[in-house]
Amino acid sequence: MSTTQPTSSGAQPRPRSRYGSATGGGGVSGKVVAVFAVAMLALLVIMGARAFIQAQSRPVTAEFISQERIDDSTGRLWIEVDRKDTSQDAYCIVFAVDYEHNEIGRREVVIPAGGDKLQRLAVDLPTRSPIASGRVYGCSENVPFYMDTGTTYLDAR
């Protein structure tokens with residue numbers, strides 16, 4: 001059996017070992033790619049499950065609903081706060097942005113214990129320029145020591 005293959009033009013035969021066998025196995029590189037792809041898929045599934053579990057375990061979440069321009073130096077953000085345990089004090093940090101997405105005002109909002117599980121709040125905050133939109137930075141039940149939980153800090157100061 002010859003290791004070369006004749007060509008149809010009668011020219012020099014090409015060695016089979018140089019170009020691989022038509023009936024040979026997939027080789028090591030194909031197996032490495034397959035193992036790598038399976039490992040990446042497993043990692044992606046694990047990371048997605050972890051992110052979902054963390055999102056479900058947050059005790060306080062808030063969502064930006066709308067904004068309102070009071071005047072050139074004051075804006076009002078409407079947020080919806082969802083708490084799992086209404087017997088705990090909570091707080092959220094919200095901020096306003098201008099049309100170029102620059103932060104132009106920020107406010108820490110205290111949500112005292114009690115009330116409904118889902119609350120819609122209007123937060124007035126001083127701004128450096130006219131407001132275009134707002135965002136919620138984050139929420140927590142660990143209220144900082146300097147915040148008075150007896151007041152909600154909703155008015156602009």
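1 is the number of the first residue of the sequence shown in UniProt numbering; add one for each residue after it.
All C-beta atoms in this analysis are idealised placements derived from N, C-alpha and C, irrespective of residue type, glycine included.
The structure displayed is predicted, hence computed values, not measured ones.
Beta-bridge pairing of residue i - partner residues as DSSP gives them
i	result
Tyr91	Val110, Ser140
Ile79	Phe64, Leu121
Arg135	Phe95
Thr74	Asp71, Pro126
Residue nearest to residue i in terms of C-alpha spacing, selected from the options
i	options	result
Gly114	Arg128, Gln54, Ser29, Asp82	Asp82
Asn142	Ala37, Ile46, Ile93	Ile93
Gly105	Pro112, Val136, Arg58	Val136
Ile79	Val32, Arg107, Ile53	Arg107
Gln119	Phe145, Tyr91, Phe95, Gly30	Tyr91
Asp116	Asp124, Arg128, Asp89	Asp89
Cys139	Arg128, Ala62, Ser57	Ala62
Cβ shell of residue i (< 7 Å), same chain only, five flanking positions each side left out
i	result
Asp85	Pro59
Ser133	Gln67, Val97
Residues of its chain near residue i, where Cβ-Cβ distance is below 8 Å and the 5 sequence neighbours each way are ignored
i	result
Asp148	Val110
Same chain, Cβ closer than 6 Å to residue i, five either side skipped, listed in chain order
i	result
Asp72	Pro130
Arg128	Ile104
Contact the segment 97-104 vs the segment 45-54: 3+ CB pairs below 8 Å: Counting Cβ pairs under 8 Å, fewer than three are found: no touch.
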